Structure formats: structure tokens, C-alpha cells
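J.:
Number of protein chains: 2
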Amino acid sequence: MAESARRGRGGGGAARRAERNAVSFETAKFIERNIPNFEILTEEAMQVIETNAEIVLEEVGVNFLDNPAAIQRWRDAGAEIDGERVRIPRGLARKLCATAPSQYTQHARNPARNVVVGGNNLVLAPVYGPPFVRDAVGGRRYATMEDFNKFVKLGYMSKWLHHSGGTVCEPTDVPVNKRHLDMLYALMTLSDKPFMGSVTEPSRAQDSVDMCKILFGEEFVRDNTVMTSLININSPMTFDDVMMGALEVYAQNNQACIISPFIVGGAMAPVSVAGTLTQVLAETLAGIAYSQLIRPGAPVIMGAFVTSIDMNSGAPTFGTPEAAHITYGAGQLARRLNLPYRSAGSFCGSKLPDAQAAYETANSLNMGLLAGVNFMLHSCGWLEGGLVSSFEKFVMDADQLGTLHHLARGVEIDENAQAMDAIREVGPGGHYLGCAHTQNNFKTAFWKSDLLDYKPFETWEDEGARDTQALATLRVEKMLADYQAPALDPAIREALDAFVAQKKSAEPDSFM
Amino acid sequence: MAESARRGRGGGGAARRAERNAVSFETAKFIERNIPNFEILTEEAMQVIETNAEIVLEEVGVNFLDNPAAIQRWRDAGAEIDGERVRIPRGLARKLCATAPSQYTQHARNPARNVVVGGNNLVLAPVYGPPFVRDAVGGRRYATMEDFNKFVKLGYMSKWLHHSGGTVCEPTDVPVNKRHLDMLYALMTLSDKPFMGSVTEPSRAQDSVDMCKILFGEEFVRDNTVMTSLININSPMTFDDVMMGALEVYAQNNQACIISPFIVGGAMAPVSVAGTLTQVLAETLAGIAYSQLIRPGAPVIMGAFVTSIDMNSGAPTFGTPEAAHITYGAGQLARRLNLPYRSAGSFCGSKLPDAQAAYETANSLNMGLLAGVNFMLHSCGWLEGGLVSSFEKFVMDADQLGTLHHLARGVEIDENAQAMDAIREVGPGGHYLGCAHTQNNFKTAFWKSDLLDYKPFETWEDEGARDTQALATLRVEKMLADYQAPALDPAIREALDAFVAQKKSAEPDSFM
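Chains as they are written, first to last, in the numbering used here: chain A, 170 to 681; chain B, 170 to 681.
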């Protein structure tokens, strides 16, 4: 489908009326930071880590598994090859990374919702990957496609979310080899925010590209980035053929990838912060360099998914100070590479959306903002170490994301902000509520929660003494009741329907 | 009681045996930051705010109510007096503040628990002031002396709390004019951590000093700071005679005071961050200058208790981005004055120790650490906008304070931290859990919660699917069951008993 067809809104009068009547829910612009980054590493520490990462690449190297073409690409680029082991001479990976753009625009089908990834920006996307869902009514259960659709709707309606994400939960009731089609269809039709593609097989990455060509037009996809997808490194130092195959498809098509170590500290990386940062840098240098071997200039994000571990139980732990050290430090290393940076999220280990979940999440969200993260996957809805997508926590976290927007604005210092007339007017012992400056500014002065309780104690008690989870249950119900789909050209919808039907009929179901 | 009597442990053999058998609970050293401060104001913004604060002091001035001696002191210092209004010429307040020390040691009766307030340090003290308490068993109710004692015990046993605080809750079952005696007695006997004095009447401040002379010895108190007490400014720009009377007693005795605006933004200060910071600076300059008029060199802390407001309900709101802006900014202003800084805490508006409480608290604790706060009152146990001291939230927050300790350590970069041998040993595709570096370092590598749940889902479910509050209820019960009082010279205890009894009998009860 050509761009002109999309822009031309090919449908008839009924379709145009449907578009005109569609409700558009407010979405904030991605965060443009007007505050400094928090930098925890000294210049000397960064140099030590950078030097060590180069030593690791040269002496230890990385494995590219079951991927002879990748091995050949590395050989041609000047790496030393030993079977599947790739040893990269000092400086080579960093040099190859230099062709990756420092920022890129990911287009949404609603251009008002395009995001610019990199620079001072922070783009927020929801939880990714859990096989389970939880809500107060239904408890914890395997996720279905119906759950997936609900999360996409909630993401579409969440003011502070800029991005729909991808696998907001794993719809286990759809065959493994076909669920990417249903997920992409939902992301494309139930929301008009930007989204992620499939990475579970190279062919599914290709399906993602092909569906985008229907949605955006072939020419548009050739010239623009319309997906940002998640490529995990199999830490330590291993790049498997499935993930690399998906990366190859996306890079060839100029689509963006997050290239991200997945590290539980002490298990997949050294137990120390500096050691972990060394490995994170070595792994991302190798992965990003490889993306540039596929297509110089392909957009990529340097990722760092790093948690600590409870050494008693072996369980991953979240919102911890060690994760903060790594997140701050990796941000500094990404900026020295002049690359967009992905880290942090609504991480928690708790089984419930309770105080533990909120402490851990708030610790991580705050560090994410201050660490200079450019793309925050998992920014809402994550529960139980990533095993569960929680409906209540999705809206609870999504509300907290508003605090990041306001914090990032920084401090205004113009004459109105100085408020000297107000101080003179009110004077000692006075009250500011009624003064002109307050009246003129109160509507925009303070971040306002759409969820949290500020009522007088007696009112709150009369209304049932609800905790945050109970308030969130009501908010989820209300949002889903109010949901209306964004307008979509019926011709595009039909073409997507046809693509999905054809692909589904082409091979038998598999749940493996 | 002379210092020699205290040091000589005047009691007999039984007392000495009791001391030897006393259990000492571990307390972490106050935080010594090895990380930078987060600075949100530009140099230009700071200069604007500093200039404006001087203009406010000179043109608008401050009120010292019902305090002719204070007015006379200001007149003698060169201020322009108009009734109770004190207008302070530009530069005078800042000049007077220069005699205040940049840091001071507050002594505890156990010298191992002395704290140094100022510099890169952060001292953590619990919630202060609530008239209500709450726990899961008894619900919300007026606080009693029994509750007070329990909170002092919990504070004594909390590893990450360095300071007992003061009015951990307001014991409403003791007459207003006598409860300070019971509170001080509890702080002196149930814990050996440093504590705060009474500020509700100048005479009660004097009682606090007199009881310290019994506990520490008269000579010791003359030469050392043994209390840090909370002097609130009646914002905007008003200094009442009760608080100033208490400040005068403490400053005359070389005891430390936090001099702190108490501001709900938009009500007691302008609705803008820059305007509020201007007022905070003007008020603290005036208050600290006044402390130095009483006694040059008296130790003081520049305080900023600032919250935002829900403009719909008028309720104060906590853990908000505007409070963070002010907390970061006021920290920069305090450092330019070379003064210790008090702000942040376990602030929340929630009625329950739920997710809202934890989001708001974590936002505030994180900003407190990064803002360079030196003394954090309310660092645990605060609930419902400060109306309630929560037993569960006390231990929940106190556990989270451990994350601040670890975060503040910064990133080690020595050879062991670099872990290059571990990376070489494990290699691509390996596992770090068993390697020598992990075995040598895992015990100290990660912060470890004493409360949060990291168990496998099935175990957690079998054990009753407890949320954080339920786990905290158990921890409170366990701590109070395990409590043992620190040793105290029986002669000192008798002298304190006698002082309290004499004072209580000297005047009738008052509940006003």
C-alpha cells in the first residue's frame, strides 16, 4: 500500500465520519529534559572501564552462535575468529559504532505521536514480556490475547506513556508461531502510538516489517524508522542466532533496535558494579558494532537491563542501590559513545502492587530519569520480577510517570516564577491562596495525580477506606469502559486483516 | 551530676553486670556520601534567588511577634524596626550567618553513636509530631506514651537510623505541660542514640537542657552539643515568641537547632518554585542570623520543610516533583551559605502504608540523598500528611533507608572491583555464581533488605500471600519482643527519675 493511499484516507463517507467522531485521548509529548544528568563515575573510572571493555573484547571476545554469516562479517571487518568466538581488536568495535545515529525519530501512524529517541529526551513504554497477568478480581493467571488487547488500550489512554511497547504480556492462548501477528495487529489498530516489532524469529521480524508497510506505506517504511525492537544479548558475551537474525532483519530495513545485555548481577556478570559495567560496555559495543556491519547508520539504542540478586535465594532483586549505580554509570558510558540509552523501568520483585512494589519502582523510575535514559521500556505495569503484567500496577505506575515529566522541566526563573510581587503583596503572616500570582499560576504549577488519594480522612473512610490497589482497580475499569479506538482507514485495516489471515493459514499452529 | 560520676559508672556490681549483659543492636554509621549532589539550579538562578531574598528581607522584612528582646537585638544589630516588623539591610543577615559552624558533632550517651551533622554527611532521624498512630491491629487512634515508648524502641533497634528524633508521636494521654519530661526520659533511657529537645515552651527547652546535664554531666553539656531541636518558622516570614524562646534557650546553651520554614506551597509561599526558594532563603537567613545574635557560633541547620498542595482539595501533597525541585534548590543555597541542611523525609499523603505511601516516600528519600541533605527528620514512619505515625511504615521505611547508605557509597574502581580476572575466568556463556570473585565478594556486594519478599511465588502463596504491611506487622512484633534496653548507670536513672518527679509535682496538669 502506497503512502498516498494512507494519507488519502481511502475509505468512503462512513469511514470519514467515523474518523471525525473518534475520541482522541491526550498524550504528553516525550520528556525533553531541562535538568542535568546525575553522574556517579569519575572521568578516571570511565577510562578504566572503557579500557577494560576493550581488553575484554580483544582477549576474551564474544560468541556469535549458529551464525556463519555473522562470523564472516566479523572476519571481513578485521576480527580474529576462532570457531564461534569473535575477538575484536582494541578500538574496532568503538569505531564501527560511530556510524550509528545519536538520535532518531520513530514514527507513529499518528504523526503527533512520533517520538525522538536520544539527546535529552526520554520516551516511556510499558512492561514487556510477562507470561502472567494479575488483577484484584481475577488474581494471577496466564496471559491471553484478551489481556494483551486491554493493556494496549490502557497504554493508548495513558497520558504519560509515549509508546505502546511490544509484548505487554505474552498471549499464551495464541500459538507461538502466530501470536506476533495478533500482537502487531492489536498495536496497529487499538492505538496510534509508536510500537515494537517481533524478535522471536527472523521471519517474525520480517512479518513485522511487512505489516508496517501496510500500515505506513512501503515507501514510508523504506525511508523512516517505524519500529524500535528489543534485542537481548545472552549475557555473558553471547549473541544467539535468533536474536541476531531479528537484528539483521531490522537493521537491513533501517528499523531501530535496542541492543541490551540481560544481566542478573552476580550470575550473568561479576558481582561488582565496575565489573558489570565493563561487561555491559563490551557486550553493547560488540552488538552495536554488529548492527553497523549489517547497515551503517541503522538506528540502535545502547541498552542495560541489570538487576542485583538476593544471594540467599538467588532471586533477582529490583530498585536496589547497586542497580542504580549501574544505571547511572551505563548512562555516562552511552553518552560518551553518543548513542541513545535504554535502562530502568517499573521494576519490582513484589508479588502484589503493594508498598514493596512501589518503593522498588519509584527507586528505579527516579534513577532512570536522572541517569539520562532515553528509552524506558517497562516504565509501567511490571510485577513479580517481570513474570506478571499487573493491570492495577500499570495505571499506578503510569500515573507516577507524570512526576518524571514535571521533574524534568527544571526550575523556571523568569519574572513570573520569581513571584516578587506576590511576596510583597502577601507579606509576613499573610496567605498566598488568594493572591493574584497564585490565581494566575495554580493550574499549571503542580503535577496532579489522576489516581492517588488526597481526601480528608473522614471522607476517605466513608468511601470505603480504599488503598491504592483498590483505587487502581476502579481506574482500570473506568478506562476500559471509556476506551474508543483511534480512527483507521478501513482499507488499511482490511489489508492488515488479509495479511494476518494469509500468514496464519500458511503454517500449522505451534505452541513450542 | 558531674562528668566524672557518669564516666565512673557509679553503680555497684549488679549494675556493672547488667551493663555487661546488655545486648547492643547494630547501628550503621551516619552516611558519608561518596557521590555528587544533584544540582538543578544554574549559577544565574541561584544569584537571582539570593538577590531577591535580600530584597525581601530589606523591603518586606520579617515579624518577630511578642518578643521585645528580639526586637532590641535586631535594632542593635542594625535592622530597621517598625513595631514587630524587622527589615534587615542587604547583606546583614548573610554576614551574621557566617559565624554559624559548617558542621558540628551531636554527642550521644553512647559515643559510638555520635553523629557529625554537615559536610557530606547524612544523619537519619524518624518521624516527628503526629498526634495519631496506626497499626494493622489497632487501626488509627490518638497516640499515647506507650506508643511513644514503642517507637523509641523501634528506632533504637533500627540499623539504618542514626538518631532517635524527638516527638516520634505526640503522647496525648500525658498533660501537655508535662509530656516533654516523659518523652525526654524515654529518649534518654530506652535508647542510646542522639535525640532532640522540647520546643513547645522556653521552659521546656530549659528542662531538656537540665535533663541532659544529668545524663551527660554539666561540664560536658557546657562544652558539647547533645541535642538538635526543631524550630519552625511560621511562614510566611513570621517568628513567634514560643519557638524563638526555645531557640534562645538552646543557642545560649550551645545546643543545635534546625531553623526551618514550614511551607505548604501556594498557601504559605508563592505557587512557584523560584518564589518559594526565595522565601525559604529569606526566612532561614533571618532565623539563623537571629540564632547568631543570641550566641555567635551556636550550631544551626538550615531547614526546608516544603510540600506542594492539591489545588482542588487544599490538601498538602508529598513526593511531588515540585517538592523535589525545591529540595534540590534549597540544598544548593545551603551549601553556598556553608551550613548544614535539613529536608526530605518519608513524606506521603496516603492513609495507609500502601503503594501510594511508598511511591511518595521513595520519591522523597531519593531526592533527599541526592539533594545533599545533612539531617533528615521524618526519615521513617510518616503517614497521612504527618497526622499519623505508622508502626508498619516505620519499619518499612527504616528498611529502605539501607538503600540510601549503599547508594551513597558510590562506585569502587580498585582492582577487585574491576573484576577482570572473573570476566576472563567465566568467559562467554559461563556463569558467575561459582567463580572465585563472586565467592569472595557476594556478602558485601549487595544491599540486603530485612523485610521485603523475594521468595518464589509458590512459597510466598503457601505462607499466606502477605503484602508488605503484613510482613511489617510481624517485624514490629518481633523487634519489640526482642528489645533490650541499653545499659544506663543506675545513679543517672535515679537522678532523672527525681528530676521528672519534682517537675511534675511543681505545677498542675494542663491539657491545653
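The beta-carbon is built from N, C-alpha and C at its ideal position, and this holds for glycine as well.
Being a predicted model, the structure only gives us computed values, none of them experimental.
Is there a C-beta anywhere in chain B that falls below 7 angstroms from the one on R450 of chain A?
T.: A quick correction: the sequence has Leu, not Arg, at residue 450 of chain A. Taking Cβ atoms only, chain B never reaches closer than 7 angstroms to L450 of chain A, which makes this a no.
J.: Under 9 angstroms between beta-carbons, which chain A residues line up against S477 of chain B? List them in chain order, please.
T.: Neighbours of S477 of chain B on chain A, chain order: A614, F615 and W616.
J.: When you compare the CB positions of S558 of chain B and L293 of chain B, do they come within less than 7 angstroms of one another, or not?
T.: No, Cβ-Cβ distance for S558 of chain B and L293 of chain B is not below 7 angstroms.
J.: Which residues in the same chain have their Cβ closer than 7 angstroms to the Cβ of N203 of chain A, if we skip the five residues on either side of it in sequence?
T.: Excluding positions up to five away in sequence, the list reads A577, R578 and G579.
J.: Assuming R256 of chain B contacts E227 of chain B under a Cβ cut-off of 8 angstroms, what Cβ separation, rounded to an integer in Å, is found between them?
T.: Contact flag correct, Cβ pair sits at about 6 angstroms.
J.: Any residues in the region 437-469 of chain A with a beta carbon nearer than 9 angstroms to a beta carbon of chain B? Which ones, in chain order?
T.: Listed by position, the residues of the region 437-469 of chain A near chain B (Cβ gap below 9 angstroms) are M437, A438, P439, V440, S441, V442, A443, G444, T445, L446, T447, Q448 and A451.
J.: Terminal residues of the continuous beta strand (DSSP E) containing N290 of chain B?
T.: Here the beta strand (DSSP E) through N290 of chain B covers N290 to L293.
J.: Strictly below 8 angstroms CB to CB, what residues from chain B border R254 of chain A?
T.: Within 8 angstroms Cβ-Cβ: P597.
J.: If you follow the beta strand (DSSP E) that V645 of chain B is part of, which residue opens it and which one closes it?
T.: Premise fails: V645 of chain B lies in the alpha helix (DSSP H), T637 to D651, not in any beta strand (DSSP E).
J.: Can you say whether E632 of chain B is buried or exposed, counting buried as having 16 or more other CB atoms within 10 angstroms of its CB?
T.: Exposed, by the Cβ-count rule.
J.: Measure the alpha-carbon distance for S679 of chain B versus A660 of chain B and round it to whole angstroms.
T.: Their Cα atoms are separated by approximately 30 angstroms.
J.: F301 of chain B to R310 of chain B, Cα distance in whole Å?
T.: When rounded, the distance between both Cα atoms is 5 angstroms.
J.: When Cβ atoms are compared, which residues of the region 222-256 of chain B fall closer than 8 angstroms to chain A?
T.: Against chain A - using a Cβ distance shorter than 8 angstroms - the residues of the region 222-256 of chain B are I224, V225, E228, V229, G230, V231, N232 and R254.
J.: What does the Cβ neighbour count give for Q501 of chain A, buried or exposed, with the cut at 16 atoms within 10 Å?
T.: Classification of Q501 of chain A: buried, given that the 10 Å Cβ count is 16 or more.
J.: Could you list the residues in the region 510-525 of chain A with a C-beta less than 8 angstroms from some C-beta on chain B, going in chain order?
T.: If the cut-off is 8 angstroms between Cβ atoms, the region 510-525 of chain A has G518, S519, K520, L521, P522, D523, A524 and Q525 near chain B.
J.: CB A591 of chain A to CB P439 of chain B, shorter than 7 angstroms?
T.: Result yes, Cβ atoms of A591 of chain A and P439 of chain B sit closer than 7 angstroms.
J.: Tell me whether the beta-carbon of V542 of chain A lies closer than 7 angstroms to the beta-carbon of Y510 of chain A.
T.: Their beta carbons are under 7 angstroms apart, which means V542 of chain A touches Y510 of chain A by this criterion.
J.: Closest to A588 of chain B by CA distance: which of B:G598, B:A614 and B:A567 is it?
T.: Considering only alpha carbons, the answer is B:A614.
J.: Closer than 7 angstroms, CB to CB, is M565 of chain B near chain A or not?
T.: Taking Cβ atoms only, chain A reaches closer than 7 angstroms to M565 of chain B, which makes this a yes.
J.: Under the DSSP definition of a beta bridge, which residues are partnered with Q461 of chain A?
T.: Answer is none; Q461 of chain A lacks a bridge partner.
J.: Taking only beta carbons into account, state which residues of the region 400-423 of chain A come closer than 7 angstroms to chain B, listed in chain order.
T.: So the list reads P405, M406 and T407, given in the order they occur along the chain.
J.: If we count the other Cβ atoms within 10 Å of its Cβ and call it buried at 16 or more, is T683 of chain A buried or exposed?
T.: There is simply no residue 683 of chain A to check, as chain A begins at 170 and stops at 681 in what is shown.
J.: Spell out a yes or no on whether the region 366-380 of chain A and the region 410-429 of chain A are touching, meaning 3 or more CB-CB pairs, one atom from each, closer than 8 angstroms.
T.: The answer is yes - the region 410-429 of chain A touches the region 366-380 of chain A, with three or more Cβ pairs under 8 angstroms.
J.: Is the Cβ of A591 of chain A closer than 7 angstroms to any Cβ of chain B?
T.: Taking Cβ atoms only, chain B reaches closer than 7 angstroms to A591 of chain A, which makes this a yes.
J.: Would the beta-carbon of M536 of chain B fall within 7 angstroms of that of A513 of chain B?
T.: Yes, the Cβ-Cβ distance between M536 of chain B and A513 of chain B is below 7 angstroms.
J.: For N610 of chain B, go through chain A and note every residue whose CB falls closer than 9 angstroms to its CB, in chain order.
T.: Within chain A, the residues near N610 of chain B are G435, P439, V440 and S441.
J.: Taking CB distances under 7 angstroms as the criterion, tell me whether V217 of chain B reaches chain A.
T.: For V217 of chain B, the answer is yes, since a Cβ of chain A falls inside 7 angstroms of its Cβ.
J.: Where does T394 of chain B sit, in a helix, a strand or coil, going by DSSP?
T.: Strand.
J.: What does the alpha-carbon distance come out to for the pair G462 of chain A and A484 of chain A?
T.: The sequence as given places Leu at residue 462 of chain A; Gly does not occur at that position. Taking the straight line from one Cα to the other gives about 37 angstroms.
J.: Round the Cβ separation of H332 of chain B and V284 of chain B to the nearest angstrom and send it over; I've been treating them as touching at under 8 angstroms.
T.: With 8 angstroms as the limit, H332 of chain B and V284 of chain B qualify as a contact, their Cβ atoms being about 6 angstroms apart.
J.: Roughly how many angstroms lie between the CA atoms of E663 of chain B and E676 of chain B, to the nearest whole one?
T.: Roughly 21 angstroms separates the two Cα atoms.
J.: At 7 angstroms on the CB atoms, spell out the chain A contacts of S482 of chain B, in chain order.
T.: Going along chain A in sequence order, the residues near S482 of chain B (Cβ under 7 angstroms) are Y623 and K624.
J.: Taking the alpha carbon of G518 of chain B as the reference point, which residue from B:R505, B:S482, B:N507 and B:Q272 has its own alpha carbon closest?
T.: If we check each option's Cα against that of G518 of chain B, B:S482 comes out closest.
J.: May I have a chain-ordered list of the beta strand (DSSP E) segments no shorter than 3 residues that lie completely inside the region 547-612 of chain B?
T.: With a minimum length of 3 residues, the continuous beta strand (DSSP E) runs that stay inside the region 547-612 of chain B are 557-559.
J.: Does the beta-carbon of V306 of chain A have 16 or more other beta-carbons within 10 angstroms, so that it is buried, or is it exposed?
T.: Counting Cβ neighbours within 10 Å, V306 of chain A comes out exposed, since fewer than 16 surround it.
J.: Helix, strand or coil, according to DSSP, for D666 of chain A in the structure here?
T.: In this structure, D666 of chain A counts as helix in the three-state DSSP scheme.
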